[in-house]
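Structure first, then comments.
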Amino acid sequence: MPLEIVTVPCLSDNYAYLANDPATGATMVVDVPEAAAILNALAEREWHASHILITHHHDDHIAGVRALAAATGARVIGAAADAHRLPHLDEAVAPGDTIRIGMFEGRVIDVSGHTIGHVAYYFPDAGAVFTADSLMALGCGRVFEGTPAMMWDSLSRLAALPPETLVYSGHEYAQSNARFALTIEPDNPALISRANAIAEARNAGRPTVPTTLSHELATNPFLRANLPGVKELIGMPGASDAEAFAEIRGRKDRF
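Numbering follows the UniProt record's numbering, with no gaps: position 128 of the sequence shown is 128.
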């Protein structure tokens, strides 16, 4: 039976995720911007949170962790490297570690750059990766604590996952990200089509996540910084991949 994943809008533009294993009833929550929205979503489905997975320490991802853990008794899991900035962890994990939610095994991936100690959670049997503020739909997180080279390495790790992987990111930024992406590759037909689909989805009030890694590889300028054609378009034909990524990230910061 597949892992059933539900997108929960929180705050103004955040997403949390519920993932339920029907075979065991185990339910994980990935990030908790606020507890009330998640408790309501759990109650609607008659699911009980057994695990809370934290991706990084920013308040819009952890503000509701203590309240949700107190209400449900869920086991809180987060990165050992970030533990000093997270709510109390029942399990501190490191990149390469595995975690089990019911019948599903997940792998912890280091995606530092946006913050140091940011992790993603990849569940191969579910074909899903929870990336929060690392890889996003048509974008990536701003580099606050790491370096552009560090962020490029993190995105490269995610880009190496199977292309059919579903990417569950932490915010609804796709429409603004699409506008920026078109300044980098204005003639990319896949990007033009995707930008139109995103506009249609947002006009209808639908979320743009999850996306697929294959869509990101075809349209996301931050994952395409290694391509000679993209380097030509940004005027850096001889640049390293990390240098090209840094230029694109800088342009997005000023966009």
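C-beta: ideal position from N, C-alpha, C; glycine also.
Using C-beta distances below 8 Å, list every residue in its chain close to residue i, excluding the 5 sequence neighbours before and after it, in chain order.
{"i": "Val93", "result": "Ile77, Gly78, Ala79, Ala80, Ile99, Val108 and Val119"}
{"i": "His48", "result": "Gly25, Thr27, Leu42 and Thr72"}
{"i": "Leu11", "result": "Pro33, Glu34 and Asp60"}
With residue i and residue j assumed to form a contact (beta carbons below 8 Å), what rounded beta-carbon distance in angstroms separates them?
{"i": "residue 272", "j": "Ile38", "result": "Any question about residue 272 goes unanswered here, given that the chain covers just 1 to 255."}
{"i": "Asp133", "j": "His114", "result": "5 Å"}
{"i": "Asp125", "j": "Phe104", "result": "6 Å"}
{"i": "Leu191", "j": "Thr147", "result": "Contact doesn't hold; Cβ gap of about 27 Å is too wide."}
{"i": "Arg75", "j": "Asp90", "result": "5 Å"}
{"i": "Val32", "j": "Ala19", "result": "Incorrect: roughly 14 Å between the Cβ atoms, too far for contact."}
{"i": "Ile184", "j": "Val143", "result": "Contact doesn't hold; Cβ gap of about 17 Å is too wide."}
{"i": "Val111", "j": "Tyr121", "result": "Not confirmed; about 10 Å, so no contact."}
{"i": "Ala242", "j": "Trp152", "result": "4 Å"}
{"i": "Leu3", "j": "Phe123", "result": "7 Å"}
Below 8 Å between beta carbons: does that hold for residue i and residue j?
{"i": "His61", "j": "Gly170", "result": "yes"}
{"i": "Gly64", "j": "Ala35", "result": "yes"}
{"i": "Ala137", "j": "Asn177", "result": "yes"}
{"i": "Thr212", "j": "Glu164", "result": "yes"}
{"i": "Phe245", "j": "Gly139", "result": "no"}
Applying the criterion that 16 or more other CB atoms from any shown protein chain within 10 Å of the CB defines a buried residue, is residue i buried or exposed?
{"i": "Ser154", "result": "buried"}
{"i": "Arg174", "result": "The amino acid occupying residue 174 in the given sequence is Ala; Arg does not appear at that position. Buried."}
Excluding the 5 residues flanking residue i on each side, which residues of the same chain have their C-beta closer than 7 Å to its C-beta?
{"i": "Pro210", "result": "Leu166, Val167 and Tyr168"}
{"i": "Leu135", "result": "Leu155, Leu158, Val167, Ser169 and Glu216"}
{"i": "Pro87", "result": "Ile62, Val65, Arg66 and Val76"}
{"i": "Asn188", "result": "Thr219"}
Just to confirm my understanding: we take residue i, look at its own chain, exclude 5 residues before and 5 after, and list those with CB closer than 6 Å. What are they?
{"i": "Gly102", "result": "Asp21, Thr24 and Ala26"}
{"i": "Glu145", "result": "Thr115 and Ile116"}
{"i": "Arg85", "result": "His57"}
Handout entry: Given 8 Å, three or more beta-carbon pairs between the stretch 192-205 and the stretch 236-246
Key = These segments do not touch.
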